[in-house]
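What follows is a short report on a single structure.
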Amino acid sequence: MQLFIISGLSGAGKSVALHAIEDQGGYCIDNLPIELLPAFAKEILPTLEQKFSHVGLSIDARNSSEKLQQLPERLKLLFPKEHPTSYCLLFIEADKRTLTRRFGESRRPHPLSREGLTLEQAITVEQQQLAPIAAAARFRIDSSQTSIYQLREQLNAITGQDQPRLFLKLQSFGYKYGTPRDADFLFDARCLPNPYWEPALRPQTGKDKAVTQFLDQAKVSQEVMEEIYHYITRSLPRFLSSDRSYLTIGIGCTGGHHRSVYLVEKISQQLHNLQDNTDKNGENSWIKQCRINLHHREL
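Right under this line is the structure:
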């Protein structure tokens, strides 16, 4: 059985993660006190294993700082490699500005604000208390620039029962809005001809046929696409061999609507074609161990 331990900042999306697991037929427990983990592992989990293939468990900052700091090591002791239940620690976060806005929109108090802290102080304290868990997490998701639906899509990819060894996210973005915080590698598409300066193409995106045809005609588009594709296909086997679980590649242009979207769509299709046309024991069999997702941040 797979156990997902979900932690993260209040307002970042822990509830969305639990709902994603429930929708897949899993069993979820919200805000379990850390001191109850041993009893949960010994008494409750064996009964759940008979009915469910995966369980979600959320833990938040309302535990003591000492217990939060000890959680990663405690999980290793409770669920060693030989244990029939494997666990995955997942941490969901967002930047302070986004969290402040979300609490303002929901009009709900921050869990730590009851201790006499302002909202900004409560967010800072929570970040500090949960830092050991964030550092130990197998997956860290930044929800600052994602909608609930996009966050669910990422979570479904991680919590799905047929888990690949590596989750590859290709993300387009606009440099004018800042680079993605969770990107491991960044590529610049601003050397491609800009459809923005074509009046008929300006309101369209890199997913539209007219924009695609415009960029296909430029030799530099093909050159940049091939360079990024070859870098990815050369690098992914190395990341797989190092037990990396999550890799985010950002491709940016000025506004994030045309050139970066075009490249992400094209390269994603190339990688999916490689998956479809590769035998499990063939030369590029490593691609079968990857799950490829794409995300257009500015669309």
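Numbering-wise, my numbering comes out as the position in the sequence shown, counting from 1, plus 262. By construction, the Cβ of each residue, glycine as well, lies at the ideal position given by its N, Cα and C atoms. Note that the coordinates shown come from a computational prediction; the quantities given were computed from them, not determined experimentally.
Residue from the options with nearest C-alpha to residue i
| i | options | result |
| --- | --- | --- |
| residue 304 | 281, 321, 270 and 339 | 339 |
| residue 347 | 521, 316 and 513 | 316 |
| residue 552 | 421, 350 and 502 | 502 |
| residue 264 | 289, 285 and 278 | 289 |
| residue 400 | 417, 538 and 481 | 417 |
| residue 534 | 476, 494 and 473 | 494 |
| residue 286 | 475, 266, 504 and 376 | 266 |
| residue 327 | 297, 354 and 345 | 297 |
| residue 485 | 504, 353, 470 and 450 | 450 |
Chain-order list of residues whose beta-carbon lies under 8 Å from that of residue i (same chain, five-residue window excluded)
| i | result |
| --- | --- |
| residue 516 | 436, 437, 438, 452, 456 and 458 |
| residue 356 | 271, 273, 274, 275, 364, 404, 405 and 406 |
| residue 547 | 540 and 541 |
| residue 419 | 429, 553 and 555 |
| residue 313 | 289 |
Same chain, Cβ closer than 7 Å to residue i, five either side skipped, listed in chain order
| i | result |
| --- | --- |
| residue 559 | 407, 433, 434, 435, 442 and 518 |
| residue 482 | 453 and 454 |
| residue 473 | 457, 463, 466, 467, 520 and 524 |
| residue 299 | 336 and 340 |
| residue 387 | 374 and 379 |
| residue 504 | none |
Nearest-angstrom Cα separation, counted from residue j out to residue i
| i | j | result |
| --- | --- | --- |
| residue 295 | residue 281 | 19 Å |
| residue 310 | residue 337 | 18 Å |
| residue 384 | residue 292 | 20 Å |
| residue 232 | residue 412 | This structure gives no information on residue 232, because the portion of the chain shown stretches from 263 to 561. |
| residue 318 | residue 509 | 23 Å |
| residue 421 | residue 325 | 25 Å |
| residue 321 | residue 374 | 14 Å |
| residue 350 | residue 361 | 25 Å |
| residue 447 | residue 431 | 11 Å |
| residue 477 | residue 549 | 27 Å |
| residue 308 | residue 491 | 45 Å |
| residue 323 | residue 366 | 20 Å |
| residue 532 | residue 545 | 16 Å |
| residue 444 | residue 398 | 16 Å |
| residue 538 | residue 335 | 40 Å |
| residue 409 | residue 284 | 19 Å |
| residue 480 | residue 471 | 15 Å |
| residue 301 | residue 536 | 47 Å |
| residue 372 | residue 389 | 13 Å |
| residue 475 | residue 345 | 54 Å |
| residue 306 | residue 377 | 32 Å |
| residue 461 | residue 527 | 22 Å |
| residue 332 | residue 393 | 11 Å |
Strand pairing of residue i, partner residues [DSSP]
| i | result |
| --- | --- |
| residue 431 | 510 and 555 |
| residue 267 | 319 and 351 |
| residue 450 | 514 |
| residue 436 | 515 |
| residue 401 | 352 |
| residue 524 | Bridge partners of residue 524: none, in fact. |
| residue 289 | 317 |
CB of residue i within 8 Å of CB of residue j, strictly
| i | j | result |
| --- | --- | --- |
| residue 498 | residue 523 | no |
| residue 520 | residue 468 | yes |
| residue 395 | residue 330 | yes |
| residue 487 | residue 529 | yes |
| residue 343 | residue 382 | no |
| residue 369 | residue 278 | no |
| residue 506 | residue 379 | no |
| residue 525 | residue 511 | no |
| residue 402 | residue 341 | no |
Cβ shell of residue i (< 6 Å), same chain only, five flanking positions each side left out
| i | result |
| --- | --- |
| residue 500 | none |
| residue 391 | 323, 327 and 330 |
Distance cut-off 7 Å: residue i Cβ against heavy atoms of the ligand GDP
| i | result |
| --- | --- |
| residue 511 | Within the structure as shown, the ligand GDP is missing, as the structure has no ligands at all. |
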